[in-house]
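Student:
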Amino acid sequence: MLTKEEIDFVQSDWAKVVPIAETAATLFYDRLFELDPKLRSLFKSDLSEQKIKLMKMIGYAVNSLDNLSEIVPAVQALGKRHATYGVVSEHYETVGVALLSTLKKGLGPAFDEAHEAAWGKVYGILADTMRNAAEPARAVATS
Ligand code: HEM
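Taking our numbering, the leading residue of the sequence shown gets 3, the next gets one more, and so forth.
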């Protein structure tokens, strides 16, 4: 699904983000709430804890890109939990935009079109896995 080059781009970019994880997470949430201020109310817990959880989860996925099938059950479970947080399909688009713009801002010119495309693909796989896992939960909730 992902080429070796795409995996290399994403993993080498992430290695640069890790030392500035807190700043990157702050940039991400600032951008997210700027894009859609209504999303702020979905986050009930302490945002600084949430930042660590988000970075850990992205790191876990990035480190598993060579063997994505291994993390599918965990990502599906994450998607089901997200439905209970009030997250709906369209929100994944907004989060994707916020993530890519954060990487662009944090990594500068090194984050070129090829890197952006690789991250778009990785995020798309994660988001689709989460959304699809959330579908039955939503069907039950509305029936
Ligand atoms: C690849 C996409 C995403 C990843 C990796 C991710 C990761 C996480 C993680 C690890 C948690 C901690 C709680 C848990 O494990 O269940 C969490 C919670 C949460 N996420 Fe996400 N998430 C993603 C997409 C989204 C989207 C699209 C939204 C929509 C706004 C969202 C909103 C939330 C909310 C509201 C919480 C609960 C926060 C709270 O308890 O206050 N996430 N996310």
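Every residue gets a Cβ at the ideal spot worked out from N, C-alpha and C, and that includes glycine.
To the nearest whole angstrom, what separates the beta carbons of THR104 and ALA26, a pair I think is in contact under 8 angstroms?
Tutor: Rounded to the nearest angstrom, the Cβ distance from THR104 to ALA26 is 6 angstroms, consistent with a contact under 8 angstroms.
Student: First and last residue of the alpha helix (DSSP H) that includes PHE30?
Tutor: 23-37
Student: Relative to the C-alpha of LEU109, which residue among LYS18, ASP68, ASP38 and ALA100 is closest?
Tutor: If we check each option's Cα against that of LEU109, LYS18 comes out closest.
Student: Excluding the 5 residues flanking LEU41 on each side, which residues of the same chain have their C-beta closer than 8 angstroms to its C-beta?
Tutor: Closer than 8 angstroms at Cβ, skipping near neighbours: LEU34, PHE35, HIS93 and THR96.
Student: Quick check for students: name the residue ranges of the alpha helix (DSSP H) that lie wholly in the segment 56-130, counting only runs of 4 or more.
Tutor: 74-86 and 91-109
Student: Compute the distance between the beta-carbons of ALA136 and LYS82, then report whether it is under 8 angstroms.
Tutor: yes
Student: If you count every other CB in all the chains shown that lies within 10 Å of the CB of TYR87, and 16 or more means buried, which is it?
Tutor: exposed
Student: According to DSSP, is MET3 helix, strand or coil?
Tutor: coil
Student: So GLU8 and ALA120 are supposed to be a Cβ contact under 8 angstroms. How far apart are they, rounded?
Tutor: 4 angstroms
Student: Closest to ASP15 by CA distance: which of LYS46, GLU51, ILE60 and ASP48 is it?
Tutor: ILE60
Student: With DSSP collapsed to three states, give me the class of PHE45.
Tutor: coil
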